[in-house]
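Counting the sequence shown from 1 gives a position; this note's numbering is that position plus 7. Using N, Cα and C, we set each Cβ at its ideal position, and we do this for glycine too. Every value quoted in this text rests on a predicted model; they were computed, and no experiment measured them.
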Amino acid sequence: MKEAKTPTPNEILQQAVDQGLTDFYVAYSGGKDSGIALDFMAKEFPQYFKGVVFVNTGIAIPETV
């Protein structure tokens with residue numbers, strides 16, 4: 008049995024664009040993962056990147072806020 012191929016982030020976002028989605032926001036927490044997601048979106052899909060959403064949950068360090 009052949010294992011299913013895991014789509015890349017580029018493929019996932021391209022599928023969304025192909026379905027008509029054109030406005031993307033990145034939820035940013037200040038951590039490594041959301042920082043990478045933000046960098047990826049801004050560099051790879053700048054024409055669809057509309058901004059960043061940050062919610063101060065009270066546990067972020069002051070530099071993040």
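Can you tell me whether DSSP reads residue i as helix, strand or coil?
i	result
V72	coil
F47	helix
K57	strand
V24	helix
Here's the rule: buried if 16 or more other CB atoms are within 10 angstroms of the residue's CB, otherwise exposed. What is residue i?
i	result
M48	buried
Excluding five sequence neighbours on each side, which residues of the same chain lie with their C-beta closer than 7 angstroms to the C-beta of residue i?
i	result
V72	N63
If I measure Cβ to Cβ from residue i and keep anything under 8 angstroms in the same chain, skipping five residues before and after, which residues do I get?
i	result
V24	F52, Y55
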